[in-house]
Amino acid sequence: GSGEGADGVGTGPLDLNSAGVEELETLPGVGPSIAAAIARHREDNGPFARVEDLLEVPGIGPARLAQLEALVAV
Numbered sequence: 066g067s068g069e070g071a072d073g074v075g076t077g078p079l080d081l082n083s084a085g086v087e088e089l090e091t092l093p094g095v096g097p098s099i100a101a102a103i104a105r106h107r108e109d110n111g112p113f114a115r116v117e118d119l120l121e122v123p124g125i126g127p128a129r130l131a132q133l134e135a136l137v138a139v
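All residue numbers for the sequence shown refer to this note's numbering, where the first residue is 66 and numbers rise by one.
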């Protein structure tokens with residue numbers, strides 16, 4: 066949805082289904098291309114059901130997922 070609330074920013078895990086590309090880019094190991102791929106996956110397949118679904122995104126493998134698991138949620 067549109068409209069960004071200031072609450073929750075910078076605290077707790079990042080919501081994979083509501084985070085914008087700019088927010089995704091702040092994650093370790095995630096640059097502009099991977100952030101865009103995450104957003105594209107979301108557009109094509111709907112919301113992520115679980116964090117492990119990141120493995121379906123091009124550029125994210127098990128090692129990168131392990132880095133991100135503690136930092137993101139769905």
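The beta carbon of each residue, even a glycine, is placed where N, CA and C say it ideally should be.
- Message: Using the three-state DSSP reduction, which class does Ala100 fall into: helix, strand or coil?
- Response: helix
- Query: CA-CA distance, Arg105 and Asp80?
  - Reply: 15 angstroms
- Message: For the alpha helix (DSSP H) containing Ala131, name the first residue and the last one.
- Response: Pro127 to Leu133
- Query: What number of angstroms, rounded off, separates the C-alpha of Ala135 from the C-alpha of Gly111?
  - Reply: 22 angstroms
- Task: Using 10 angstroms around the beta-carbon of Leu92, count the other beta-carbons present and answer buried if the total reaches 16, otherwise exposed.
- Result: buried
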